[in-house]
Amino acid sequence: MAKLVGLTGGIGAGKSTVAGMLREAGLPVIDADALAREVVEPGQPAHAEIARAWPHVIGSDGRVDRRQLAAIVFADPASKAQLEAITHPRIRERIVTERAALEGSGRRWAVLEAALSVETGLYHQLDGLLVVTADDEVRIARVMARDGCSRESVLARMGAQLPQAAKTRVADHVIDNSGSLEATRARVREVLQAMMPEGR
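1193 is the number of the first residue of the sequence shown in the numbering used here; add one for each residue after it.
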């Protein structure tokens, strides 16, 4: 079976930036967030379940208002658990399907970009874990610039996530993305050589 390495990191750390570098290096990247969007599309079983549980988050176009739904589950642990029970099994099914397709095309390695791979325990089922980190002030500045939000709102979002230290404790490799893109790219090359010395 094709080996699947997890890629994760807290908000503003630069997980997507590193995912792009891995793609440049020739590795296929499965984006769990993209799969999460797919499983709640109209016509999907998860969409129907969400519509029953939270009918007011279905927009006039029939799609789930992800921002409104996120606000609900962010404030209510029971709703969060309910949503995860609806979506996570479907996302895992999609991951298995994509992994099988990659193996069928002869790929030996792939990357799973997933923000919650540590929180959900998904990393236990993977063949390694890369954690992207950055200094807190760097992360705060990035998210404020990206989302146009206040420092306080970024701090609240960071506070709701698993701390970076908890993720790095279970990482096989840590990629510090606090500095320049060139420094991060060099670190990515080091990690790939360490993990996949026989090639990709």
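Glycine included, every Cβ here is placed at the ideal spot set by N, Cα and C.
For residue i, which residues in the same chain have their Cβ closer than 8 Å to its Cβ, ignoring the five residues on either side in sequence?
i	result
residue 1342	1336
residue 1264	1246, 1249 and 1271
Let me know if residue i comes out buried or exposed under the rule of 16 or more other beta-carbons within 10 Å of its beta-carbon.
i	result
residue 1289	exposed
residue 1193	exposed
residue 1386	exposed
residue 1220	buried
residue 1275	buried
In chain order, what residues of the same chain lie with their CB nearer than 7 Å to the CB of residue i, ignoring the 5 residues before and after it?
i	result
residue 1362	1310, 1315 and 1321
residue 1356	1202 and 1325
residue 1434	The structure shown has nothing for residue 1434, since the chain only spans 1193 to 1392.
For residue i, which residues does DSSP report across the bridge?
i	result
residue 1223	1305
residue 1198	1304 and 1321
residue 1366	1323
For residue i and residue j, what's the separation of their Cα atoms in angstroms?
i	j	result
residue 1295	residue 1301	8 Å
residue 1291	residue 1334	32 Å
residue 1279	residue 1272	11 Å
residue 1250	residue 1238	12 Å
residue 1352	residue 1266	8 Å
residue 1359	residue 1369	15 Å
residue 1234	residue 1388	40 Å
residue 1349	residue 1203	8 Å
residue 1207	residue 1305	8 Å
residue 1214	residue 1330	22 Å
residue 1307	residue 1297	26 Å
Once you ignore the five residues that flank residue i on each side, which residues in its own chain have a CB closer than 6 Å to its CB?
i	result
residue 1364	1320 and 1321
residue 1241	1278
Those runs of the alpha helix (DSSP H) which lie wholly inside the segment 1223–1285 and span at least 4 residues = 1224–1231, 1237–1245 and 1258–1267
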